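Protein sequences appear in the order of chains A and B.
Anchor point for the first sequence: position 74 equals 119 in the numbering used here, and the numbering is continuous, going up by one each time.
Anchor point for the second sequence: position 125 equals 170 in the numbering used here, and the numbering is continuous, going up by one each time.
Before any comments, here is the structure.
Number of protein chains: 2
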Amino acid sequence: MNCESINDIDTPALLIDLDQVEKNLQQMQQKADRCGVTLRPHIKTHKIPELALKQVQLGARGITASKVSEAEVMARAGIGDIFIANQVVAFQKLKRLLALSRKINVAIGLDSIAGAHRLSETFSAAGATVEYLIEINSGLNRCGVSPGREAIELVQAIESLPGLAFKGIFTHAGQVYGKTSLAEVQKVSQFESQTMSEIARDLQDLGYQAQTVSVGSTPTMKVWEGWSGVNEIRPGNYIFNDAIQIALQVAKPEDCALTVLSTVVSRPASDRAVIDAGSKVLALDKGGHGVETAKGYGMVVGRKIVIDRLSEEHGIMAVDPGEPLAVGDCIRIIPNHACPVVNLFGSAYGIRDNAVETVFKIAARGMVQ
Amino acid sequence: MNCESINDIDTPALLIDLDQVEKNLQQMQQKADRCGVTLRPHIKTHKIPELALKQVQLGARGITASKVSEAEVMARAGIGDIFIANQVVAFQKLKRLLALSRKINVAIGLDSIAGAHRLSETFSAAGATVEYLIEINSGLNRCGVSPGREAIELVQAIESLPGLAFKGIFTHAGQVYGKTSLAEVQKVSQFESQTMSEIARDLQDLGYQAQTVSVGSTPTMKVWEGWSGVNEIRPGNYIFNDAIQIALQVAKPEDCALTVLSTVVSRPASDRAVIDAGSKVLALDKGGHGVETAKGYGMVVGRKIVIDRLSEEHGIMAVDPGEPLAVGDCIRIIPNHACPVVNLFGSAYGIRDNAVETVFKIAARGMVQ
Numbered sequence: 046m047n048c049e050s051i052n053d054i055d056t057p058a059l060l061i062d063l064d065q066v067e068k069n070l071q072q073m074q075q076k077a078d079r080c081g082v083t084l085r086p087h088i089k090t091h092k093i094p095e096l097a098l099k100q101v102q103l104g105a106r107g108i109t110a111s112k113v114s115e116a117e118v119m120a121r122a123g124i125g126d127i128f129i130a131n132q133v134v135a136f137q138k139l140k141r142l143l144a145l146s147r148k149i150n151v152a153i154g155l156d157s158i159a160g161a162h163r164l165s166e167t168f169s170a171a172g173a174t175v176e177y178l179i180e181i182n183s184g185l186n187r188c189g190v191s192p193g194r195e196a197i198e199l200v201q202a203i204e205s206l207p208g209l210a211f212k213g214i215f216t217h218a219g220q221v222y223g224k225t226s227l228a229e230v231q232k233v234s235q236f237e238s239q240t241m242s243e244i245a246r247d248l249q250d251l252g253y254q255a256q257t258v259s260v261g262s263t264p265t266m267k268v269w270e271g272w273s274g275v276n277e278i279r280p281g282n283y284i285f286n287d288a289i290q291i292a293l294q295v296a297k298p299e300d301c302a303l304t305v306l307s308t309v310v311s312r313p314a315s316d317r318a319v320i321d322a323g324s325k326v327l328a329l330d331k332g333g334h335g336v337e338t339a340k341g342y343g344m345v346v347g348r349k350i351v352i353d354r355l356s357e358e359h360g361i362m363a364v365d366p367g368e369p370l371a372v373g374d375c376i377r378i379i380p381n382h383a384c385p386v387v388n389l390f391g392s393a394y395g396i397r398d399n400a401v402e403t404v405f406k407i408a409a410r411g412m413v414q
Numbered sequence: 046m047n048c049e050s051i052n053d054i055d056t057p058a059l060l061i062d063l064d065q066v067e068k069n070l071q072q073m074q075q076k077a078d079r080c081g082v083t084l085r086p087h088i089k090t091h092k093i094p095e096l097a098l099k100q101v102q103l104g105a106r107g108i109t110a111s112k113v114s115e116a117e118v119m120a121r122a123g124i125g126d127i128f129i130a131n132q133v134v135a136f137q138k139l140k141r142l143l144a145l146s147r148k149i150n151v152a153i154g155l156d157s158i159a160g161a162h163r164l165s166e167t168f169s170a171a172g173a174t175v176e177y178l179i180e181i182n183s184g185l186n187r188c189g190v191s192p193g194r195e196a197i198e199l200v201q202a203i204e205s206l207p208g209l210a211f212k213g214i215f216t217h218a219g220q221v222y223g224k225t226s227l228a229e230v231q232k233v234s235q236f237e238s239q240t241m242s243e244i245a246r247d248l249q250d251l252g253y254q255a256q257t258v259s260v261g262s263t264p265t266m267k268v269w270e271g272w273s274g275v276n277e278i279r280p281g282n283y284i285f286n287d288a289i290q291i292a293l294q295v296a297k298p299e300d301c302a303l304t305v306l307s308t309v310v311s312r313p314a315s316d317r318a319v320i321d322a323g324s325k326v327l328a329l330d331k332g333g334h335g336v337e338t339a340k341g342y343g344m345v346v347g348r349k350i351v352i353d354r355l356s357e358e359h360g361i362m363a364v365d366p367g368e369p370l371a372v373g374d375c376i377r378i379i380p381n382h383a384c385p386v387v388n389l390f391g392s393a394y395g396i397r398d399n400a401v402e403t404v405f406k407i408a409a410r411g412m413v414q
């Protein structure tokens, strides 16, 4: 991987535009500061410790992770405050969570009595305590208790369990990825924050103080301008942006910091070109959470070409017969969904003005357990 | 990863049923032997050197790989004969191919004059020669020259280039994954072989002896019973089988050797259960080459549950309110498409009768370049 210019790089390769990353990070941090809330970015998008440290250096309070294993990687790199925004129920993972909690500040999600019992059992047996946030279903219909009575009853039921400390509530209104207009995105964003501030108020009326009221996805945070009662935001994708964010109208192509560099390997017909980027690097996402919003399998930078089909190792593009695209030519592609694409690479090139400045190891990629 | 029983394994985890693998490998080898052809299995399905060595030990002539990087991993493990069934045009890869060709027998695909010039340049400059197979488009419309005149003209045009030796022709009739009945699968299988034997005959009439005439995908080979003029088959998926093969009626659930072990992490509503296997381990494939043939995102073993939606870390299942499925319960899932799933894991458990016999490192996973 000794490359000075992107022209020396073998393909397919992952390129990160460092100037654009810094711009994207600063914009979201400024919004958090302006709204007086904590930014706790989700690092599942980049999975790179150096970029997590950069987020903290710019003002992020800590980070969000999907997995205990991701959190372990980030803790080893020096991140001291991590929220695992997920349900962790396997005892193998709970033991790792306990070990991690002895080294850094860690909090975990909860949405069931059964999950709470397992967490309590693990921590109380070790004489330890872990902070938890109740996950609220604000419309994605994935995990999370329903807002209202169900949320309150869960907090009450968990209260007496040893080893657990109530820290607050969190949600992810991922259904926003199924929307098709900016107005609809704004509506979801408003609903997400309103739902959470209402629950926090109801809990407070009963004597339960939610220290953290946390919302966020990149689309809902891009249109957000603060909401009374919400005090933490957790966007992740904003560091790179991608074609799905463009489809949702919350980013423009020039806001995208992550591209896949790919080579034309075959031009078997005048109206067809085949590149060396298939589903093994571009992934098959056409939208978030199973909803299709993007056209094709990524946006080809600077050209009006649609990537029609993907095999594992090939991208098949319908092209105009006159399109100047020969075997050996390189193109750059903005992925539909940046997060799974990063997970498919072992490393990424950090570039500035087409020069390679650094090579990042994607240290938290492939953390399946 | 010190586990004796599958009950000790943290999830999500990849399980390989060793008895079933051996059965699947033997069946295909027996078919190749019966038909008097060479079996050259595609290792992109398993990406595990030990399993490639097993295939060779059972009678495979050598293996097929997608990438130079995959071939390097397999060569290091002791595989001495590898066909890279792909177009390789980047000079970085061609140099690695040259180095590899000095250690083992290697052959490469070609479908363009431009590609041939690059290959010839690299090998002739080093005083070396590489064997190539012309890729024929037998209906997938991906890479490959059209059968007939185009194929012959390419062989003729390449003939004078130094450093290249004509070895034969190959194809992959991947369009079979878009079929919906066994009769249609059989028709594609017949067309694939017929097309190739006709080109081989036409080439022979002009004095070009195709030493290798190679066909294959798992579906077309499952229904194959030999074809005059074809002398090599390259199925890959048959080692494991998967839900897409089941949808094509060329495999049954009991033929599937690869499963993903997953834990229920949330049961947020009576009609919904959420597991810890999302697109980060199950992938989003619903069929081959962009065609949807499978229902949901994998088959839950022994239960009639559909995995409706995948987020990166979550599988969301609609379940009957009475379904006995609690937080902490484990299920096993036959993936829709085994190959990309293997690529998402770092290791796999080799099991026999639910006991862990070995842990495989997936040494050729993530070989993007």
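Note that CB positions come from ideal geometry on N, CA and C, so glycine has one too.
No experiment lies behind these values; they were computed from the predicted model shown.
Three or more C-beta pairs under 8 Å: does that hold for the segment 387 to 403 of chain B against the segment 53 to 62 of chain B? yes
Please state whether the Cβ-Cβ distance between A:Gly-193 and A:Tyr-177 is less than 9 Å. Inclusion of A:Gly-193 and A:Tyr-177 in the CB contact set at 9 Å is not warranted, their separation being larger than that value.
Applying the criterion that 16 or more other CB atoms from any shown protein chain within 10 Å of the CB defines a buried residue, is A:Arg-121 buried or exposed? exposed
Going by the beta-carbon positions, is the gap between A:Pro-380 and A:Ala-328 smaller than 9 Å? yes
Looking only at its chain, what residues have a beta carbon closer than 8 Å to the beta carbon of B:Leu-98, apart from the 5 residues adjacent to it on each side? Ala-122, Gly-123 and Ile-124
For B:Ala-255, decide whether its Cβ has a neighbour in chain A, counting only Cβ atoms nearer than 9 Å. B:Ala-255 does not count as touching chain A.
Confirm the yes/no value for this check: CB of A:Ala-371, any heavy atom of the ligand NAP, distance under 8 Å. Among the components modelled here there is no ligand, and therefore nothing to report on the ligand NAP.
Nearest chain B C-beta to A:Leu-370 closer than 9 Å, yes or no? With respect to chain B, the C-beta atom of A:Leu-370 has no partner C-beta closer than 9 Å.
Have a look at A:Asp-287 and A:Ile-320 and give me their C-alpha separation to the nearest angstrom. 20 Å
Over what stretch of residues does the alpha helix (DSSP H) that includes A:Arg-31 continue unbroken? There is no way to answer for residue 31 of chain A, as the model of chain A reaches only from 46 to 414.
Pick from A:Val-221, A:His-217, A:Lys-406 and A:Ser-242: whose alpha carbon is nearest that of A:His-87? Among A:Val-221, A:His-217, A:Lys-406 and A:Ser-242, the Cα nearest to that of A:His-87 belongs to A:His-217.
Using CA atoms only, rank isn't needed, just tell me which of A:Leu-293, A:Val-305 and A:Ile-361 is closest to A:Pro-313. A:Ile-361
Cβ closer than 8 Å: which chain D residues qualify as neighbours of B:Asp-330? Structure shown: chain D not included; protein chains present are A and B.
Taking its Cβ as the centre, do 16 or more other Cβ atoms sit within 10 Å of B:Ala-400, making it buried, or is it exposed? exposed
Would you kindly report the start and end of the unbroken alpha helix (DSSP H) that includes A:Val-275? No alpha helix (DSSP H) holds A:Val-275; DSSP gives it neither H nor E.
Whose C-alpha, out of B:Phe-136, B:Gln-137, B:Lys-267 and B:Gln-74, is nearest the C-alpha of B:Arg-106? Nearest of B:Phe-136, B:Gln-137, B:Lys-267 and B:Gln-74 to B:Arg-106, Cα basis: B:Gln-74.
Compute the Euclidean distance between the alpha carbons of A:Asn-388 and A:Ile-407, then round it to the nearest angstrom. 8 Å
Only counting the same chain, and skipping five residues up and downstream in sequence, which positions put a Cβ closer than 8 Å to that of A:Ser-356? Apart from sequence neighbours up to five positions away, the residues of its chain that approach A:Ser-356 with a beta-carbon distance below 8 Å are Gly-323 and Ser-324, ordered along the chain.
Using DSSP's beta-bridge definition, name the partner residues of B:His-87. In the DSSP assignment, the residues bridged to B:His-87 are B:Thr-109.
Cβ-Cβ separation, A:Leu-199 to A:Ser-165 (assumed contact under 8 Å), whole Å: Between A:Ser-165 and A:Leu-199 the beta-carbon gap is near 13 Å, outside 8 Å, which marks them as no contact.
Candidates B:Cys-48, B:Thr-90, B:Leu-84 and B:Lys-76: which alpha carbon is nearest B:Phe-390's? Nearest of B:Cys-48, B:Thr-90, B:Leu-84 and B:Lys-76 to B:Phe-390, Cα basis: B:Thr-90.
Starting from the beta carbon of B:Gly-347, find every residue of chain A whose beta carbon is closer than 9 Å, and list them in chain order. Going along chain A, no residue has its Cβ under 9 Å from B:Gly-347, so there is no contact; the nearest lies around 21 Å.
Chain-ordered chain A contacts of B:Gly-15 [CB-CB under 9 Å]: Nothing can be reported for residue 15 of chain B: it is not among the residues displayed for chain B, which extend from 46 to 414.
With a Cβ-Cβ cutoff of 9 Å, do B:Thr-56 and B:Leu-293 count as a contact? no
Partner residues on chain A for B:Asn-182, Cβ-Cβ distance less than 7 Å: Pro-313
Does the beta carbon of B:Asp-321 come closer than 9 Å to any beta carbon on chain A? yes
Quick one: what does DSSP say B:Asn-131 is sitting in, helix, strand or coil? strand
Among A:Gly-347, A:Ile-378 and A:Val-386, which one has its Cα closest to the Cα of A:Glu-368? A:Gly-347
List the residues of chain A that B:His-359 touches, going by C-beta distances under 8 Å, in chain order. Arg-187 and Cys-188
7 Å CB neighbourhood of A:Ser-262 in its chain, flanking five on each side removed: His-217, Ala-218, Gly-219, Val-221 and Pro-280
What are the residues that DSSP puts in a beta bridge with B:Asp-398? B:Asp-398 is not bridged to any residue.
With DSSP run on the structure shown, which of helix, strand or coil describes A:Met-362? Per DSSP, reduced to three states, the secondary structure at A:Met-362 is strand.
Straight-line gap, A:Met-344 to A:Gln-65 (C-alpha atoms, nearest Å): 17 Å
Buried versus exposed, by CB contacts within 10 Å (16 or more), B:Asn-52: exposed
Rounded Cβ spacing between A:Phe-215 and A:Ser-259 (contact assumed at less than 8 Å): 4 Å
Checking 9 Å against the spacing of the C-beta atoms, do B:Ala-202 and B:Ala-245 come in under that value? no
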